[in-house]
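Each residue of the sequence shown is one higher than the one before, starting from 609 at the first, in this note's numbering.
Backbone N, C-alpha and C fix where the C-beta goes; we use that ideal spot for every residue, glycine too.
All of these numbers come straight from a predicted model, not from anything done at the bench.
Just below is one structure, and these are the notes that go with it.
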Amino acid sequence: MVFILPVSLWLLASNTGARAGARTVLVAEVDGIITPVIADHLREGVARAEEESHHAFLVELNTPGGLDASMRDIIETFLGADVPVVVHVAPSGARAASAGALITMSAHIAAMSPGTAIGAATPVDLGGGEDVERKIIEDAAAYAESVARARERNPEFAVEAVREGRSVTAEEAERIDVVDLLAPNRTALLEAIDGETVTLAAGRRLTLETRDVQVVSHELGTFRSILQWLADPNLAFLFMSLGTLAIIYELANPGFGGGAIVGIILILLALFALAVLPVNALGGLLLALAAILFVVEIFTPGVGVGA
């Protein structure tokens, strides 16, 4: 009995030390459009990986693209990371389109699963005339080229993805040096990049030791998941329409105020969704004008201002 307590303490200390010394990789999954919610999530992931001394930060990506500002926030975070950032376009059937293509190319290690695609990074919904459109595309092409050169990847493809909307398969992306390797799943990826050397933002070179590492999930969380769900243009305009109709109903049939409450909530949700989406200012003003005219129609029936 005299030896039980010391031995137990020694075993506990040994297990704790083993866990503390084990290499870990922080993993985040991005499946959907690139929004400020995703940018904040990935920025927090890099910071967490650095603070908790994870060996690398792995992003499993499947996206049709997203907001230019959010994409640039993510790329700036990846280029300035002091922890290896690995982006894996996965699973098979996934894509890294538009903003996702440049995000993938900005990682220290870029990988794709077979059966995936990357590219088509031309800015959309430009507006403003031919001259403005050309300037936006040229700015995006120059930015794409600079990102590719920073990671020693194919700058010609980066420019063509923006100017011509070029997209390639995973196999071709590896062949023309857009990504570093192909890997069918997470386990194969971590084994394949074991021994690779990357240069971090501080200039320190690090050799990856990712074989048999422990994986720690970096979850989006309930609150962010809801915000990401709301960042959908279809929902935004649906909420705006239903909210306006609910307020009009309340004004036409005054009562308890339930319609007004529901309408205000729906409009607030719509405004949040529109805040994280590229919205044309004129279109927004026309929506507001339509809502005002519908309300005016209640008080001046028969005039038809809201028709």
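* To do: Please check the pair S918 and V697, which I expect to be a contact at CB under 8 angstroms, by giving their CB distance rounded to whole angstroms.
  => With the chain running from 609 to 915 in the structure shown, residue 918 is simply not present.
* To do: For my contact list, V691 and H662 are in at a C-beta cut-off of 8 angstroms; report their separation, rounded to the angstrom.
  => 7 angstroms
* CB A719 to CB L789, shorter than 7 angstroms? -> It is a contact, given that the beta carbons lie within the stated cut-off.
* Nearest to P763 (by Cα), restricted to the options A791, E738, L710 and L808 -> Checking every option, the nearest Cα to that of P763 belongs to L710.
* Relative to the C-alpha of T632, which residue among I745, A860 and R656 is closest? -> Taking the Cα of T632 as reference, the smallest distance to any Cα among I745, A860 and R656 is reached at R656.
* Near A630, which residues of its chain fall below 7 angstroms by C-beta distance, leaving aside the five closest residues on each side in sequence? -> Q822
* Give every residue of the same chain whose Cβ lies closer than 6 angstroms to the Cβ of G723, excluding the five residues on either side of it in the sequence, and list them in chain order. => S700 and G701
* **Cβ contact (3+ pairs, closer than 8 angstroms) linking the stretch 752 to 760 and the stretch 797 to 812** => no
* Are the CB atoms of G867 and A878 nearer to each other than 7 angstroms? -> With respect to A878, G867 sits apart: the two C-beta atoms are not nearer than 7 angstroms.
* **Segments assigned beta strand (DSSP E), at least 3 residues, entirely inside the stretch 613 to 700** => Within the stretch 613 to 700, the runs of beta strand (DSSP E) at least 3 residues long that lie entirely inside it are, in chain order, 632 to 639, 664 to 670 and 693 to 697.
* To do: Indicate the three-state DSSP secondary structure (helix, strand or coil) for V732 in the structure shown.
  => coil
* Run through DSSP, which three-state label would V776 get? -> strand
* Asked: Would you report the Cα separation of T712 and A704, rounded to the nearest angstrom?
  -> 7 angstroms
* **Which listed residue (T852, N861, F880 and P862) has its alpha carbon closest to that of G871** => T852
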